[in-house]
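Count the sequence shown with my numbering and you get residues -7 to 237, in order.
See below for the structure under consideration.
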Amino acid sequence: MNALVLGATQGIGQALARQLGARGDTLFLLGRDASALERSARDIEARCGRAPAGYAICDLSAPEGFATALDAAWRALGRVDVVIVTAGQFGTQEELENDRARLATMLQVNFSNTILFCEDARERLLAAGGGTLCVLSSVAGDRGRKPVVLYGSTKAGLSYYLEALDHAYRSRGLVTICVKPGFVKTGMTAALKPPPFAGEPESVARDIIRAIDRGTPLLYTPRAWALVMRIIRLLPRAVMRRIGF
Ligand SMILES: NC(=O)c1ccc[n+]([C@@H]2O[C@H](COP(=O)([O-])OP(=O)(O)OC[C@H]3O[C@@H](n4cnc5c(N)ncnc54)[C@H](OP(=O)(O)O)[C@@H]3O)[C@@H](O)[C@H]2O)c1
């Protein structure tokens, strides 16, 4: 498989890129920082015995660079089977309420610019006959919840986009996978107390690769979060207003 990964420099994306590289998939890395990309490429080469086909700068806060980055990836890989987006930003509700500039960046990076990036990828995949687009959303978008009013709203919008994209284009060969991680122990959550059912990036990455291989349109990972969120989605609004979840 030829895979393009945006976000392989840390966390879930890094675990995913390592596992794809280890099983022999050819990678192209996209990210916002050249030295972090270089480090990731070397790490994959050392672990897998084969370097990625290349890397290019792609900053989700700068959509004017998306076309150039995707063109570089397509040139290096020839054919692209899967485009994976794990890049994203988080802030606690308190941090985001108190910092409008940070909030504005997160809203753009997680929602509008991720969708702009996906639209560019969608066009290229469809023009080549199809492929897979796999994007990390979050359980935080499944229900309006007090601790994630702002972050959750970006993931809610993203999840709807990804579901609709799968409905619209699967018949033309474009499979869209929406991944909804629960709590995963990465740099993003390092300052938070892990709840029950917290997952590790390596096992979450394994679940994501299985979903890509099978074309599963919606993945909750770790698995327990599918049940947790089924219950949360059923709770009446009056209960949601009272609880801290
Ligand atoms: N961890 C969780 O509990 C959890 C739960 C639900 C959903 N998620 C979602 O899963 C995805 C991966 O999360 P993670 O835990 O692996 O996060 P992470 O360890 O913080 O990694 C985030 C990645 O996003 C990249 N990134 C951030 N801003 C960017 C920008 N403007 N342009 C390009 N790349 C950018 C980072 O690149 P740099 O290395 O350059 O900083 C890094 O590679 C995110 O979409 C997150 O919202 C995570």
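For every residue, glycine included, the Cβ atom is placed at its ideal position computed from N, Cα and C.
Here the structure is a predicted model, which is why all the values come from computation and not from measurement.
- The alpha-carbon separation between G191 and T18 amounts to approximately 27 angstroms.
- Note: C50 is not bridge-paired with any residue in the DSSP secondary-structure output.
- Less than 8 angstroms divides the Cβ of R164 from the Cβ of G122.
- Rounded to the nearest angstrom, the Cβ distance from T146 to L99 is 6 angstroms, consistent with a contact under 8 angstroms.
- Just measuring C-alpha positions, the residue of A119, G149, L21 and A230 sitting nearest C170 is G149.
- In the pairwise beta carbon analysis, the region 76 to 83 is classified as not touching the region 29 to 42: fewer than three pairs are separated by under 8 angstroms.
- Of all alpha-carbon atoms in P214, P186, R71 and A183, the one lying nearest the alpha-carbon of A197 is that of P214.
- CA-CA distance, A113 to R225, rounds to 31 angstroms.
- Straight across, the Cα-Cα distance linking Y152 with A0 is about 24 angstroms.
- Within 7 angstroms of the C-beta of M221 there is not a single heavy atom belonging to ligand 1.
- In the three-state scheme derived from DSSP, where H, G and I count as helix and E and B as strand, G191 is classed as strand.
- Residue pairing from DSSP places V171 in a beta bridge opposite L128 and L211.
- The region 130 to 142 and the region 62 to 69 do not touch, with fewer than three beta-carbon pairs separated by less than 8 angstroms.
- Closest in alpha carbon position to A160, among R137, E111, D199 and R206, is E111.
- Bridge partners of V176 according to DSSP: G191.
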